[in-house]
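Protein chains in written order, with the numbering used here: chain W, 1 to 283; chain G, 284 to 616.
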Amino acid sequence: MALVYGLLWRLLLFLVHINRAFVSWLRVRTRCFKGRLWERAMASLLLPVAFTEFPEEQKKIQRSPDLMPLAADNVAERQALFLRDGKSLEKLPMHIGLLLVDEEPNYTDIANLIVWCMAMGISCVSVYDDNGILQKNNSLLMKEVIQLQRHLGVEGSKVEFLNNGSDRHVVSCRPTVNVLSPEDGKQSIVQAAQQLCRSVENKERSPKDISVSMLDCLLREYKNIPDPDLVLKLGPVESTLGFLPWHIRLTEFISLSSHRNISYEDLLGALHRYGACQQRLGK
Amino acid sequence: MSWIKEGELNFLERIAANILKAGPMPKHVAFIMDGNRRFARKKNVDRQEGHMQGFNKLAETLRWCKHLDIQEVTVYAFSIENFKRTKDEVDGLMELARQKFLRLLDEMDNLKKHEVCVRVLGDLNMLPLDLQQLIAKAVVSTKHHNKCFLNVCFAYTSRYEITNAVREMAWGVEKGLIKPSDVSELLLSECLYSYNSPNPDLLIRTSGEVRLSDFLLWQTSHSCIVFQSVLWPEYTFWNLCEAVIQYQLNHKSIQKARDVYQEQQSLQQLEADRACVAEQHQGNGKPADSKRRQEALEQYSACREERVHDFLQALKHKRDLFFSDLSSQAVST
């Protein structure tokens, strides 16, 4: 009997995989389809929310390809179109996190996302992968970003690249890109805890003095990263894989299947979906 | 209504459960039970009724988890942020909690029969004293049950929990039980309210919201996270199966990431111990040979582990005393 159930389980997983693959294929094919057809197709495939793009958001970004910033003829028009797209959103995140899960980074695609986000007016972009590959190859990423900015003519103010510990006292009022790894997560909290324990050992403070705001301030001193408003999870794994646990308490998570060959429309769709999120903050 | 719903699964549910159990199953599932108020609005009933239905759904979900061999469940019942709600709603929720914990104490025989251990995680001193006492009584009475575990997060946020863990470690340093250099990720995990539980394998949030709302941020860093749009009081067995399938699809990749992370942790601890040993022997002049260095390292690690063990024993004693004191107050009132 156990064998039968085992086989049925494998069959179930196989069917789910097929379903997923079909949806991805359909998503690419139906980008220009009307919203209603998409809705019906999704309903018939009985897909959970995480795998669908909201049809309303699809409608919002369905317009003539000529009005896309990437299709613009000159730099001024392109910059204006990016900003217009940013303004068309219900709300724009101030800090967006790009979380690569279980994927080998493609620097061009990541640079695309970073540059598009900044061109739309998002001033702080963080990129993360749980193996720390991006941090190790920080300069490669930086090069791609600068190259792309030049190509699109959306340089604007110079982008600040913050890496591990080297830029402690930078106040990020300029567009910043943080390249993060798991060390910036739990390990930073541990370092802050060690510092507080040392000050208790030196009788500079008592354990009772340690508060949430004190720990929060100390963490911002190490690396001045604001809480991300939105995280785009790029890849097949449904987990944060150690991304900034302290900072993500109110962060909205939107999943996209991959960062590879990601399109501007994909990004815009996700941002529209973010616009629909309503926070009650406990109330 | 009762905490424990008896009853078997129906035929179809049993088949589905058996199929799922052929694959890897989560041993610990966490729920953000969101959507009670939206449910109440939808059904045109008052909020309090929505919360009641939410509680009933919890009891039913625990029954499903038992049939799916999910041993441990953690739920987000009340956030510290929820104190911001209107006084009426907060009082209503406190009263609901009082009724439910009194009911729990009434059902102690049943809890013993099913060996259910109930724990309450949070900054309990924010709650009214009588509720604290009831909670303590429930926790102490079910302490030794070890078949199923229900962790209720009440007056809880993850940031408060992490800060409290740091405070406990600072207390340990103040008492001379541990050194600041002993502070590590592993030690911090042992100082959280959830120290008795393994990290959740699966985190489910209902009602369509796609955020964590300050829930188990430390513990779920390598958990499978599933957002479902169904409102909590309308949660079904099939919704739970859907979430479990997600877990099974992600199991291998998450396990691999977890293993890599743990390996890095061990290396980091080794490096930290080496640095401490080097600091200790700094003034010694002669550079030690590698055998002596290895011995010194092993000795240091052993001493550190002993220190940490004694500290954690002292912390456990402090925590047990907190609950037993409150519990005995409840008896005498």
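Just so you know, even glycine gets a beta-carbon here, dropped at the ideal spot from N, CA and C.
Per DSSP, reduced to three states, the secondary structure at Leu-410 of chain G is coil, with no helix or strand assignment. Neighbourhood of Cys-507 of chain G in chain W, by CB distance below 9 Å: Val-237, Glu-238, Ser-239, in chain order. Within the segment 105-128 of chain W, not one residue has a Cβ closer than 9 Å to any Cβ of chain G.
Here Ser-239 of chain W really is in contact with Cys-507 of chain G; their C-beta atoms are around 6 Å apart, less than 8 Å. Residue pairing by DSSP places Glu-355 of chain G opposite G:His-311, G:Phe-432 in a beta bridge.
In the same chain as Pro-411 of chain G, and ignoring 5 residues on each side of it, the C-beta atoms closer than 7 Å to its own belong to Met-377, in chain order.
Straight across, the Cα-Cα distance linking His-151 of chain W with Val-145 of chain W is about 10 Å. Taking all protein chains in view, the Cβ of Glu-451 of chain G is crowded by 16 or more other Cβ atoms within 10 Å, so the residue is classified as buried. The DSSP-derived three-state label of Val-154 of chain W is coil. In the DSSP assignment, Ile-487 of chain G falls within the unbroken beta strand (DSSP E) covering 485-488.
Listed as beta-bridge partners of Ile-254 of chain W by DSSP are W:Leu-232.
The way I'd put it, the segment 116-131 of chain W does touch the segment 177-184 of chain W; three or more beta-carbon pairs between them come closer than 8 Å.
Counted as a single uninterrupted DSSP element, the alpha helix (DSSP H) harbouring Arg-330 of chain G occupies residues 330-350.
Near chain W, meaning a CB-to-CB distance below 7 Å, the residues of the segment 347-369 of chain G are Ser-362, Glu-364, Asn-365, Lys-367, Arg-368. Using a C-beta cut-off of 8 Å, the segment 545-557 of chain G makes contact with the segment 458-469 of chain G, since at least three inter-stretch Cβ pairs fall below that distance. For Gly-491 of chain G, the secondary structure class from DSSP, reduced to helix, strand or coil, is coil.
In the same chain as Asp-556 of chain G, and ignoring 5 residues on each side of it, the C-beta atoms closer than 8 Å to its own belong to Leu-580, Tyr-583, Ser-584, Arg-587, in chain order. At a C-beta separation below 7 Å, Val-16 of chain W has these neighbours in chain G: Ile-528, Leu-532.
If you ignore the 5 residues before and after Gly-306 of chain G, its C-beta comes within less than 6 Å of the C-beta of Gln-531, all in its own chain and listed in chain order.
Counting the other CB atoms within 10 Å of its CB gives Pro-481 of chain G a total below 16, which places it among the exposed residues. Fully enclosed beta strand (DSSP E) runs of no fewer than 3 residues are not present anywhere in the segment 510-575 of chain G. With 16 or more other Cβ atoms inside 10 Å of its own Cβ, Glu-444 of chain G counts as buried. For Val-403 of chain G, the enclosing beta strand (DSSP E) stretches over residues 399-404.
Counting only runs of at least 3 residues, the segment 173-203 of chain W fully encloses the following beta strand (DSSP E) elements, listed from N- to C-terminal order: 176-180. Proximity to Asn-319 of chain G across G:Gln-565, G:Met-335, G:Met-308, G:Leu-553 peaks at G:Met-335, based on C-alpha coordinates. With a beta-carbon spacing of about 18 Å, Phe-338 of chain G and Met-391 of chain G fall beyond the 8 Å limit used to define contacts. Your pair Ala-193 of chain W and Val-456 of chain G does not check out as a contact, with CB atoms roughly 10 Å apart and the cut at 8 Å. Taking the Cβ atoms as the reference, Ile-353 of chain G lies roughly 7 Å from Met-308 of chain G, within the contact range of under 8 Å. In the pairwise beta carbon analysis, the segment 225-242 of chain W is classified as touching the segment 252-266 of chain W: at least three pairs are separated by under 8 Å.
Remark: fewer than three beta-carbon pairs, one from each stretch, lie closer than 8 Å, so the segment 537-546 of chain G and the segment 274-282 of chain W are not flagged as touching. For Asp-102 of chain W, the residues of chain G that pass the 8 Å Cβ criterion are Ser-536, Ala-540, in the order they occur in the chain. For His-505 of chain G, there is no enclosing beta strand (DSSP E), as DSSP gives it neither H nor E.
For Met-409 of chain G, not one C-beta of chain W is nearer than 8 Å to its own C-beta.
Counting C-beta atoms within 10 angstroms of its own C-beta, Met-1 of chain W has fewer than 16 neighbours from the protein chains shown and is therefore classed as exposed. Contact note: Ala-193 of chain W reaches chain G through Val-449, Met-452, Val-466, Leu-471, using a C-beta cutoff of 7 Å and chain order. Counted as a single uninterrupted DSSP element, the alpha helix (DSSP H) harbouring Tyr-443 of chain G occupies residues 441-457.
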